[in-house]
Ligand SMILES: Nc1ncnc2c1ncn2[C@@H]1O[C@H](COP(=O)(O)OP(=O)(O)O)[C@@H](O)[C@H]1O
Ligand SMILES: [Mg+2]
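Protein chains in written order, with the numbering used here: chain A, 1 to 331; chain B, 332 to 629; chain C, 630 to 885.
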């Protein structure tokens, strides 16, 4: 591993020199990055990369740089014609909390406040956030990111700050189902390839959670998106579907928009949404992750998060997240 | 032209048929005017089609009017900054690339050939990803190397590889367009008659002096329209930097659309803004072209 | 005549790929001498002239201009410094004028002075004006070449070369691209130079003019110098049958 590193670096230096000597027209930056290395080498080489503390760095800087893509209302969206506060410490290419709004933004601002910091935002594409290797461009993501085993390869997760509960919805005309386990063998719709699909086929695994597969032998109907499934269910009880498994807020929103649907029983499982921190930060993020978890636990304990959840979703999406045992993630 | 023709030529005996020339000029002028009126009518009709399309899709004009300034002020600003800076660097790269392609030096030939091949042969989007995500890792390796060799300055050098979204976007656009424009510059330089080169070197000008003083000034005039075209294309390609979170036109329109579920309104607003930008660019390019043609007007 | 010739070319060969265009040409030009080069189209006249100032790189042979001697052999590249030294002593005038279209007349004339000789601009302009006056075009000083007639263009091109004060002028068919009524003004300028004692090599088809200004005539065929001599004798009574063959039809239409 280490040899590879040195080899790659020597190549870069050589190409720089070559460019400089050859009257250097072209920038040499097209060198291929050694893709898989940093994550693995980071912990094994404390001697070469002096372990400085991420939390100390952030505290010294005075601002908390949060990534959030304002493409997902009501979690994060633009504020048209916002005015930047005159006394902001955010850099010119960062956004202030005045220029964005939403659940994630409020949570970020609250976290920063409790650390005695100002929250500043950058808005990279979602793929760039989940890919890891942020190169210290931002400190953490507060972007309603579901904890998954794949993402845990690149990212550390804090105590989740809310959840996406998965719940079954049935037509209002239906009287025969009283609880989710009644749906065994029924026609159930959900989005193809998402966690609801995996739940019904009993392959779903969520880090830190024991899942009860209480519905057996469902006849699965796959949909492009959840809303198409809900539309089909709304046609009539059993017309096309007997039930739909989807995110609780999505179902509730459909009901509020006038669809003849109702939720069946309690959520059957939760997806946990947490702040994420790059494993490849150049500074040691351990105490930073620890601190975030503490702050979020506080925000659960004093009801701050529940209040925000009620404000944005009209639902309690946070209690289960507060009860989650983050040590089960084993990170 | 017309003004010149209206006053009789000086210093010559009066032409008895002078009126015939005047009549012909007036007739041609009238025909030209009719043509431009007809063209304007066609434009209006086509614009009418576009507007009726907007009516069909229940386009929310009020919403667009309300939000246009916000989108354009923030979005167009970045689109313009990024494209102008990138076309500047792309032009420099293209010039160096073309000189490399036309040189007899193996290193220059090798580098320029490789450069054009690589950056023309791979998608711009992937170049952006590689520059934004990949370069910092190169920097990191450099820092590690520096630490193990006891050369701390390498870690500073390593930090230079962590580019901001705008720097990454400008670098990717410059490299990519520089590669395309290398070929434009090469063709432009080659299109200058070899006699120009021979006259210059006969006077004792060196190869570089010949290019700088004689070939390039003539080639630029030929290349300007192509640079203009590339600039227009670049304004639209600059929207790719939005993936790194730069709030340029496409980004602003997209995020605003998601906020208020006004996709058609915002996309068409952005399209219109790009259109206006390209019209302005073509106009500027025309002005520049005219200025450079001064020496070629009889 | 001086003992040491101004130009001495020895055993000059030029290949274009497998085309052997110059097959061992040797000749000299003395100071103040006007050498006229005649021959069929494609015989290698231009190539020979262009080898003298290294617009074409000779494949083999020795070229001496003034004090500079450059030996050429296959696989050996002549030194850039020597080439520059040769070019600074030779002025070249092309059939196609090759004025720089983006520069005014005066800018054309001073380009070599300012860029190569690093002469200060005002001094160069004064210099350039002197030579423009010499070719009778001072009043066209600030005009772009596109507004000049062919004859005027060629006179500017001559002024441009003269301004560099070369020791020898090379003319490659200077009037072949001109309308007939414009040829005279250019030939007059060259004739004037000859009277002033400028050393020259002139490739031309204007036989009357050649006889008029030439000190010596050389006939080139297939890359070989077939015959050389004094103009009146050679035009009237060429020795070699090949020269006769070439001159016969020309003489029919021109009174020499
Ligand atoms: N750059 C070149 N490449 C290949 N062949 C050439 C080149 N220049 C001249 N020739 C050939 O060399 C021969 C002599 O050309 P040139 O010296 O121009 O003849 P002239 O000036 O006597 O008409 C011709 O056959 C011509 O086609
Ligand atoms: Mg010729």
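Note that CB positions come from ideal geometry on N, CA and C, so glycine has one too.
By how many angstroms is the C-alpha of residue j removed from the C-alpha of residue i?
i	j	result
residue 196/A	residue 166/A	8 Å
residue 381/B	residue 395/B	16 Å
residue 841/C	residue 834/C	13 Å
residue 529/B	residue 675/C	13 Å
residue 238/A	residue 228/A	15 Å
residue 465/B	residue 273/A	28 Å
residue 575/B	residue 123/A	7 Å
residue 812/C	residue 780/C	7 Å
residue 549/B	residue 59/A	58 Å
residue 461/B	residue 179/A	50 Å
residue 184/A	residue 218/A	6 Å
residue 404/B	residue 248/A	39 Å
residue 665/C	residue 856/C	12 Å
residue 289/A	residue 52/A	14 Å
residue 83/A	residue 553/B	46 Å
residue 557/B	residue 455/B	19 Å
residue 518/B	residue 429/B	9 Å
residue 789/C	residue 739/C	7 Å
residue 643/B	residue 366/B	The question about residue 643/B has no answer, for chain B in this structure spans 332 to 629.
residue 425/B	residue 433/B	12 Å
residue 671/C	residue 878/C	18 Å
residue 710/C	residue 809/C	41 Å
residue 330/A	residue 117/A	29 Å
residue 125/A	residue 573/B	8 Å
Hey, quick one: how far does the alpha helix (DSSP H) through residue i stretch, first residue to last?
i	result
residue 849/C	That residue, residue 849/C, is in no alpha helix (DSSP H); its beta strand (DSSP E) goes 845-850.
residue 739/C	734-744
residue 676/B	Any answer about residue 676/B is impossible in this case: the structure gives chain B only from 332 up to 629.
residue 187/A	Here residue 187/A belongs to no alpha helix (DSSP H); instead the beta strand (DSSP E) covers 187-191.
residue 726/C	First-last for residue 726/C: undefined, no H or E at that position.
residue 751/C	750-763
residue 470/B	466-480
residue 197/A	195-200
residue 292/A	286-301
In the DSSP assignment, find the beta strand (DSSP E) that holds residue i and state where it starts and stops.
i	result
residue 221/A	219-223
residue 722/C	719-722
residue 268/A	261-278
residue 856/C	853-858
residue 800/C	797-801
For residue i and residue j, which I take to be in contact (beta-carbon distance under 8 Å), what is that distance rounded to the nearest angstrom?
i	j	result
residue 776/C	residue 629/B	6 Å
residue 246/A	residue 230/A	7 Å
residue 279/A	residue 156/A	6 Å
residue 766/C	residue 734/C	7 Å
residue 169/A	residue 233/A	7 Å
residue 100/A	residue 149/A	About 30 Å; that fails the 8 Å criterion.
residue 495/B	residue 139/A	Residue 495/B to residue 139/A, Cβ: 16 Å. No contact.
Exercise. Do three or more CB pairs link the stretch 654-664 of chain C to the stretch 595-615 of chain B at distances below 8 Å?
Worked result: no
Exercise. Of all the beta strand (DSSP E) runs that stay within the bounds of the stretch 567-603 of chain B, which reach a length of 3 or more residues?
Worked result: none
Exercise. Is the stretch 100-113 of chain A touching the stretch 127-145 of chain A in the sense that three or more CB pairs, one from each, lie closer than 8 Å?
Worked result: yes
For this session: Could you tell me whether the stretch 248-258 of chain A touches the stretch 189-206 of chain A, where touching means 3 or more Cβ pairs closer than 8 Å?
Result: no
Problem set entry | Completely contained alpha helix (DSSP H) runs for the stretch 107-169 of chain A, where each covers 4 or more residues | 126-130, 149-152
Exercise. In chain order, which beta strand (DSSP E) runs of at least 3 residues are fully inside the stretch 641-701 of chain C?
Worked result: 648-658, 663-668, 689-694, 697-701
Exercise. If we count Cβ pairs, one from each stretch, closer than 8 Å, do we get three or more for the stretch 590-597 of chain B versus the stretch 385-405 of chain B?
Worked result: yes
Problem set entry | Completely contained beta strand (DSSP E) runs for the stretch 806-833 of chain C, where each covers 3 or more residues | 828-832
For this session: Evaluate the contact criterion for the stretch 535-549 of chain B versus the stretch 749-764 of chain C: three or more CB pairs, one atom per stretch, below 8 Å.
Result: no
Problem set entry | Every unbroken beta strand (DSSP E) inside the stretch 232-259 of chain A [3 residues or more] | 243-247
Problem set entry | Given 8 Å, three or more beta-carbon pairs between the stretch 716-728 of chain C and the stretch 785-798 of chain C | yes
Exercise. At a cut of 8 Å, does the stretch 675-689 of chain C reach the stretch 859-867 of chain C through at least three beta carbon pairs?
Worked result: no
Exercise. Would the stretch 427-443 of chain B and the stretch 473-488 of chain B be scored as touching if the rule is three or more Cβ pairs under 8 Å?
Worked result: no
Exercise. Considering only residues of the stretch 368-435 of chain B, which uninterrupted alpha helix (DSSP H) runs meet the minimum length of 4 residues and lie entirely inside it, listed in chain order?
Worked result: 392-433
Exercise. Between the stretch 312-327 of chain A and the stretch 124-138 of chain A, are three or more C-beta pairs nearer than 8 Å?
Worked result: no
For this session: Report yes or no: do three or more beta-carbon pairs, one from the stretch 502-511 of chain B and one from the stretch 519-526 of chain B, lie closer than 8 Å?
Result: no
Problem set entry | Contained alpha helix (DSSP H) runs [length at least 4] in the stretch 44-103 of chain A, N- to C-terminal order | 54-61
Exercise. Does the pairing of the stretch 557-570 of chain B with the stretch 605-624 of chain B give three or more beta-carbon distances under 8 Å?
Worked result: yes
Exercise. For the stretch 300-310 of chain A against the stretch 349-364 of chain B, are there 3 or more C-beta pairs whose distance is under 8 Å?
Worked result: no
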